[in-house]
Amino acid sequence: MNQLPFPGNEVNSEHILYKKIDFIIENIKKNTYRTEINRELAIQFLEKPRYYLLSVHPILTFKNKIFDVHQKEIQSFIMENFNTDQMEGKDIIILDKKLTPILVGNHDGQIFLIN
Numbered sequence: 015m016n017q018l019p020f021p022g023n024e025v026n027s028e029h030i031l032y033k034k035i036d037f038i039i040e041n042i043k044k045n046t047y048r049t050e051i052n053r054e055l056a057i058q059f060l061e062k063p064r065y066y067l068l069s070v071h072p073i074l075t076f077k078n079k080i081f082d083v084h085q086k087e088i089q090s091f092i093m094e095n096f097n098t099d100q101m102e103g104k105d106i107i108i109l110d111k112k113l114t115p116i117l118v119g120n121h122d123g124q125i126f127l128i129n
């Protein structure tokens, strides 16, 4: 499993998007319309050229980070870092540039499509 940092460019911590992290996470937790999919299918839903990747720390919210990533970077990241057979993954949320959540991944290697 890839232990390198997250792909893309980290968004400045002063960016307005950081103020919306808690709201985004809470809305995803409330959303019961999600479908578990495999990593091969997940990358097919990433058709736009750029996304935001939100790295979610399970306890220490001040460690949450946002990255501006290219489509190919996030697709490679998913393929290298998610494996349900070995229960390996990262706690992430992938949002489009309009801040709509597309995919959620967890540390057990599961990936969910947000409907």
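Just so it is clear: in the sequence shown, position 88 is 102 by our numbering, and no numbers are missing.
Beta carbons: idealized from backbone N, C-alpha and C, even for Gly.
Residue environment analysis places R53 among the buried positions, since at least 16 neighbouring C-beta atoms fall within 10 angstroms of its C-beta. With respect to the 8 Å criterion, F20 and F96 are not classified as neighbours on the basis of their beta carbons.
For M101, the CB contacts under 6 Å within the same chain, skipping 5 residues up- and downstream, are D122 and G123 in chain order.
Taking the Cα of Q58 as reference, the smallest distance to any Cα among T49, Q89, Y65 and N78 is reached at Q89. If only complete runs of 4 or more residues are kept, the segment 54-100 shows the alpha helix (DSSP H) at 85-95, in order along the chain.
Beta bridge pairing from DSSP links F126 with E50 and V118. Under the three-state reduction of DSSP, E102 is assigned to strand. At a Cβ-Cβ threshold of 8 Å, P115 and Q85 do not count as neighbours.
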